[in-house]
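Novice: Order-wise, the sequence lines are chains F and A. Going by our numbering, the first sequence opens with residue 5, and the numbers climb by one from there. Going by our numbering, the second sequence opens with residue 196, and the numbers climb by one from there. Glycine included, C-beta positions come from ideal geometry on N, C-alpha and C.
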Amino acid sequence: DAMVIQNPRYQVTQFGKPVTLSCSQTLNHNVMYWYQQKSSQAPKLLFHYYDKDFNNEADTPDNFQSRRPNTSFCFLDIRSPGLGDAAMYLCATSRAGQADGYTFGSGTRLTVV
Amino acid sequence: GESVGLHLPTLSVQEGDNSIINCAYSNSASDYFIWYKQESGKGPQFIIDIRSNMDKRQGQRVTVLLNKTVKHLSLQIAATQPGDSAVYFCAENTDYRDDKIIFGKGTRLHILP
């Protein structure tokens, strides 16, 4: 089945130690998104790629970076994780210009110790 | 700033009854709305969507109503089942060509036996 896959499901990292979360998709969607979701809150958009074009949200901290080496893969890099970065990180995809909702992955829950 | 919000953080409904989850949005330019269901530990799952040129759309056991006059959106779930227990988010897109969706705060639906 076509889907959005996030690895790992659970990630524990040390305070200040760089960590990378990955997302892959088999839907051939040209837009990919990263959301941060803290407990009992709505997902918050960090950035998205429209094809290779990177779009950062104005309030996304510089500590968060992203890479999209090809259509299928997108990575979220947290350069120096702080305790406040502990959250669920959700990857989503969509077809540009065809607002039919996003397809989300199951998320990666990040713990910072 | 403009945001999508929900009236009730928690809704308890008897199994078999109908559920109505409400959402208020503030951006009058929004032209596309989506309801998502999120179960514990999972990513949001698309339920139903509606464009601003419609006021009602029905799916399987779900109906979305849009009242643009008062900027109100609702999700109706018929014959609520235990599997409907989840957090429900409304989300809006101000321009489908923009491909960004803003989430509301979420309502937890609790099913009573």
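On the DSSP letters alone, give me the boundaries of the beta strand (DSSP E) that residue 257(A) sits inside.
Specialist: Residue mapping note: residue 257(A) aligns to position 62 of the second sequence, counting from 1. Looking at the DSSP string, the run of the beta strand (DSSP E) that includes residue 257(A) is 257 to 262.
Novice: For residue 108(F), return the contacting residues in chain A, with the cut-off set at a CB-CB distance below 9 Å.
Specialist: As a position in the first sequence, residue 108(F) is number 104, starting the count at 1. In chain order: 231, 233, 237, 238, 239, 240, 241.
Novice: For the putative contact between residue 119(F) and residue 17(F), defined by C-beta atoms under 8 Å, what is the C-beta separation to the nearest angstrom?
Specialist: Past the edges of chain F, shown from 5 to 117, lies residue 119(F), and the structure says nothing about it.
Novice: Would you list, in chain order, the members of the region 43 to 65 of chain F that have their beta-carbon closer than 9 Å to a beta-carbon of chain A?
Specialist: The residues in question are 44, 45, 46, 47, 48, 49, 52, 54, 59, 61.
Novice: Near residue 25(F), which residues of its chain fall below 6 Å by C-beta distance, leaving aside the five closest residues on each side in sequence?
Specialist: Here residue 25(F) corresponds to residue number 21 of the first sequence, with the count starting at 1. If we look at residue 25(F) and ignore the five residues flanking it on each side, its Cβ neighbours are 80, 93, 112.
Novice: Whose C-beta lies closer than 6 Å to the C-beta of residue 20(F) among residues of the same chain, with five residues either side of it excluded?
Specialist: As a first step, residue 20(F) is located in the first sequence; it is residue number 16 there, counting from the start. Cβ neighbours of residue 20(F) beyond the five flanking positions: 84.
Novice: Determine whether the Cβ of residue 198(A) lies closer than 7 Å to any Cβ atom of chain F.
Specialist: Within the second sequence, the letter at position 3 stands for residue 198(A). Low per-residue confidence applies at residue 198(A): pLDDT is 45, beneath 50, and the placement is therefore not dependable, though the value from the model is reported in the following sentence. No, its Cβ sits nowhere closer than 7 Å to a Cβ of chain F.
Novice: Would you say residue 105(F) faces chain A, with C-beta separation under 7 Å as the test?
Specialist: In the first sequence, residue 105(F) corresponds to position 101, counting from 1. Judged by the 7 Å Cβ criterion, residue 105(F) is in contact with chain A.
Novice: Between the alpha carbons of residue 212(A) and residue 277(A), how many angstroms are there, rounded?
Specialist: Against the second sequence, residue 212(A) aligns to sequence position 17. Against the second sequence, residue 277(A) aligns to sequence position 82. Those two C-alpha atoms are separated by around 11 Å.
Novice: Does the region 209 to 226 of chain A touch the region 267 to 284 of chain A, meaning 3 or more C-beta pairs lie closer than 8 Å?
Specialist: Short answer: they touch.
Novice: So, with DSSP's three-state summary, where would you put residue 87(F)?
Specialist: Taking the first sequence and counting its residues from 1, the one referred to as residue 87(F) is at position 83. Note: residue 87(F) maps to helix in three-state DSSP.
Novice: Could you tell me whether any Cβ in chain F is nearer than 7 Å to the Cβ of residue 228(A)?
Specialist: The residue you call residue 228(A) lines up with position 33 of the second sequence. No - not a single Cβ of chain F is within 7 Å of the one on residue 228(A).
Novice: Could you name the residues of chain A that residue 94(F) contacts, counting a contact when the two beta carbons are closer than 7 Å?
Specialist: Position 90 of the first sequence holds residue 94(F). Those within 7 Å of residue 94(F) in chain A are 238.
Novice: Using the three-state DSSP reduction, which class does residue 2(F) fall into: helix, strand or coil?
Specialist: Examination of residue 2(F) is not possible in this model, given that chain F is present from 5 through 117 alone.
Novice: Compare the C-beta of residue 250(A) against all C-beta atoms of chain F and say whether one is closer than 7 Å.
Specialist: For this step, residue 250(A) is matched to residue 55 along the second sequence. No - not a single Cβ of chain F is within 7 Å of the one on residue 250(A).
Novice: Taking Cβ to Cβ, would you say residue 244(A) is nearer than 7 Å to residue 35(F)?
Specialist: Residue 244(A) sits at position 49 when you count from the first residue of the second sequence. Residue 35(F) sits at position 31 when you count from the first residue of the first sequence. Taking 7 Å as the Cβ cut-off, residue 244(A) and residue 35(F) do not qualify as a contacting pair.
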